[in-house]
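Working notes, structure below.
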Amino acid sequence: LNEKPEAVLGLATGSTPLGLYAELARLCAAGELSFAKCTTFNLDEYIGLDGTHDQSYRYFMNKNLFEKVDVRMEATHVPSGAVKSDEEAEQYDAQIKAAGGIDLQLLGIGNNGHIGFNEPADTFVYGCHIVNLTQSTIQANRRFFDSEDDVPRQAISLGIGSIMNARRILLLATGADKAEAIRNAVYGDINPRTQASILRTHSNVIFLLDKAAAGLL
Ligand code: GLP
């Protein structure tokens, strides 16, 4: 943001970036950073949750970052949990393109190697699309909901192509739960069973790991 105030940022949710968002909010409050000219696009959202639901990713972003920094709310984008088809979902890719493309894409990683909500599959999906969540992801996200029945079964996510189009990618991972996914992403075959493995073919990607997440490297 200091180098390019009008940057287009690709943002992620999950517990992993919370420390980063707190630090960005601190820097912004201290006058060392400004989001005033940037545009943001989030990776994903649950289907069926609107932005006022406390487990929606829009709500998460508002609470954990947007309301704490000087970003223009109208310049923040989170995919709509109300979309009904992949054709509708792809309009989000068009919005990103119209904004000039993502300069820096922030990513976490799922226990099963997913990025965004691109779950292990037989293929990589290019564009923004509707995803059926796997049982392992539903279980992993169960802790945020009253019961497993309340966890949405579907999400809208940027596709692998939408992510790979970013000029730079920064993937964060912490904790031993991520060690296997990180090993598969870094040393395994480049294969849609571990969606993050494709990142190795990007020319400007950084994996930033704590010791536990890097434990199997
Ligand atoms: C979620 C999100 C991902 C996130 C991942 C890991 O399902 N869709 O974007 O990277 O899970 O979450 P956490 O950082 O809480 O481990």
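For the sequence shown, the numbering used here assigns the number 63 to the initial residue and increments by one for each residue that follows. Every residue, glycine too, gets a C-beta built ideally from N, C-alpha and C. Since this is a predicted model, take the numbers as computed values, not measurements.
Whole-angstrom C-beta distance between residue j and residue i, which should lie under 8 Å
i	j	result
residue 217	residue 179	4 Å
residue 203	residue 213	5 Å
residue 72	residue 105	7 Å
residue 259	residue 241	Not quite, the Cβ-Cβ distance comes to about 15 Å (not below 8 Å), so this is no contact.
residue 233	residue 169	4 Å
residue 167	residue 225	6 Å
residue 145	residue 151	5 Å
Pairwise C-alpha distance: residue j and residue i
i	j	result
residue 263	residue 271	19 Å
residue 205	residue 197	14 Å
residue 210	residue 66	42 Å
residue 89	residue 127	12 Å
residue 194	residue 103	21 Å
residue 273	residue 253	25 Å
residue 257	residue 154	21 Å
residue 130	residue 243	32 Å
residue 207	residue 118	11 Å
residue 267	residue 190	21 Å
residue 236	residue 245	13 Å
residue 162	residue 63	16 Å
residue 249	residue 112	38 Å
residue 269	residue 134	29 Å
residue 156	residue 93	33 Å
residue 120	residue 76	12 Å
residue 116	residue 108	12 Å
Residue range of the unbroken alpha helix (DSSP H) whose run includes residue i
i	result
residue 224	222-226
residue 194	Note, residue 194: premise wrong, no alpha helix (DSSP H); beta strand (DSSP E) at 191-194.
residue 219	Unbroken run through residue 219 is the beta strand (DSSP E), 216-219; no alpha helix (DSSP H).
residue 177	No alpha helix (DSSP H) holds residue 177; DSSP gives it neither H nor E.
residue 156	153-160
residue 200	197-203
Closest residue to residue i among the options (Cα-Cα distance)
i	options	result
residue 276	238, 111 and 230	238
residue 78	152, 177 and 131	177
residue 101	167, 95 and 139	139
residue 201	172, 116, 80 and 224	172
residue 181	255, 94 and 75	255
residue 261	231, 81 and 137	231
residue 125	146, 150, 111 and 87	87
residue 165	135, 95, 133 and 70	70
residue 68	82, 96, 80 and 83	96
residue 199	184, 215 and 185	215
Endpoints, beta strand (DSSP E) assigned at residue i
i	result
residue 231	230-235
residue 166	166-169
Practice task
Mind listing, in chain order, the continuous alpha helix (DSSP H) runs of no fewer than 4 residues lying wholly within the region 63-137?
Solution key: 80-91 and 119-126
Handout entry: Continuous alpha helix (DSSP H) assignments of at least 4 residues falling wholly in the region 249-275
Key = none
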